[in-house]
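Residue 70 in the numbering used here sits at position 61 of the sequence shown, with consecutive numbering throughout.
Step one of this worksheet: look at the structure below.
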Amino acid sequence: MDLTQIHGLGSYLALKLVGECGTNLAAWPSAKHFTSWLALAPHNKISGGKVLSSRTQRTSNRAASLLRLAAVAVGRTDTALGAFYRRLSARVGKSKAITATARKIAVLFYNTVRHDVIGDPTYADAVLDRLVHNAHRIEITGESLRRARGKQAKSA
Numbered sequence: 010m011d012l013t014q015i016h017g018l019g020s021y022l023a024l025k026l027v028g029e030c031g032t033n034l035a036a037w038p039s040a041k042h043f044t045s046w047l048a049l050a051p052h053n054k055i056s057g058g059k060v061l062s063s064r065t066q067r068t069s070n071r072a073a074s075l076l077r078l079a080a081v082a083v084g085r086t087d088t089a090l091g092a093f094y095r096r097l098s099a100r101v102g103k104s105k106a107i108t109a110t111a112r113k114i115a116v117l118f119y120n121t122v123r124h125d126v127i128g129d130p131t132y133a134d135a136v137l138d139r140l141v142h143n144a145h146r147i148e149i150t151g152e153s154l155r156r157a158r159g160k161q162a163k164s165a
C-alpha cells in the first residue's frame, strides 16, 4: 500500500496520518464512519423532516487537521482533486472547499489502507455501467482507430 499515490499526501504527511489513525481501520465499518469520526462529514440537525443546519462539527482532531493541510496543498496542483477544490472554492468559498476536499482525501486514505484500493471501486463500476447503458445514444462515424492499427500491423 503506497499512500503517496494519493494526490496531496507526501511521505511525511502519510506517515503522520498512519501515526494518528493506525494501519488497522477496522474500528470504522465504512468510509462514511471514518469521515464522521474526523468531523469532515456534515452534522445534519433535522426536525420534522426539515434540515435546520448542515454544518460540520468543530474538532481538534489532528488527523483532520492534516487532511485539511493536504487539501490546501492539492488545491494548487493540476489533478482531479485540485480541479474539484478550485471548482468548489469558486462556488461556495475556500473554507467549505477545503473541508470537502479533505473529506475526499480521507475517503481515498481509508480505501487505500483498509481495502488496498485507490479510489472507490463501486464508483468506477457505476461509471462503466453508465457508459455501457448510454452507448446506443452515441453515433460514431468513421473507421475505428483500433481496427486501423490492426490493419497496419497485419500489413507490416
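Glycine included, each C-beta is placed from N, C-alpha and C at the ideal position.
Option nearest residue i by Cα separation, candidates the options
| i | options | result |
| --- | --- | --- |
| S74 | D11, R96, K160 and T110 | T110 |
| V116 | S39, A99, Y21 and A89 | S39 |
| A72 | R64, H52 and Y21 | Y21 |
| N70 | L12, E29 and A23 | E29 |
Inter-residue Cα distance where the pair is residue i and residue j
| i | j | result |
| --- | --- | --- |
| L47 | I15 | 18 Å |
| L78 | V101 | 19 Å |
| V27 | A50 | 20 Å |
| T88 | Q161 | 35 Å |
| K25 | G17 | 13 Å |
| N53 | W37 | 20 Å |
| K105 | L76 | 13 Å |
| P42 | Q66 | Looking at the sequence shown, residue 42 is not Pro but His. Straight-line Cα distance between these residues: approximately 14 Å. |
| I107 | Y94 | 7 Å |
| R96 | K103 | 10 Å |
| G19 | S98 | 23 Å |
| R64 | A23 | 27 Å |
| G159 | V141 | 24 Å |
| S164 | L90 | 44 Å |
Under 8 Å between C-beta atoms of residue i and residue j
| i | j | result |
| --- | --- | --- |
| A80 | I114 | yes |
| Y112 | T44 | It should be noted that the sequence gives Arg, not Tyr, for residue 112. Contact: yes. |
| V122 | T32 | yes |
| Y119 | L34 | yes |
| D138 | M10 | no |
Proximity test, Cβ basis, 8 Å: residue i and chain B
| i | result |
| --- | --- |
| T108 | Here there is only one protein chain, and chain B is not present. |
*If we count Cβ pairs, one from each stretch, closer than 8 Å, do we get three or more for the region 83–98 versus the region 49–64?*
no
*Only counting runs of 4 or more residues, tell me where the alpha helix (DSSP H) segments fall wholly within the region 62–137, in order along the chain.*
71–83, 89–101 and 103–124
_Every unbroken alpha helix (DSSP H) inside the region 19–49 [4 residues or more]_ = 20–30 and 40–46
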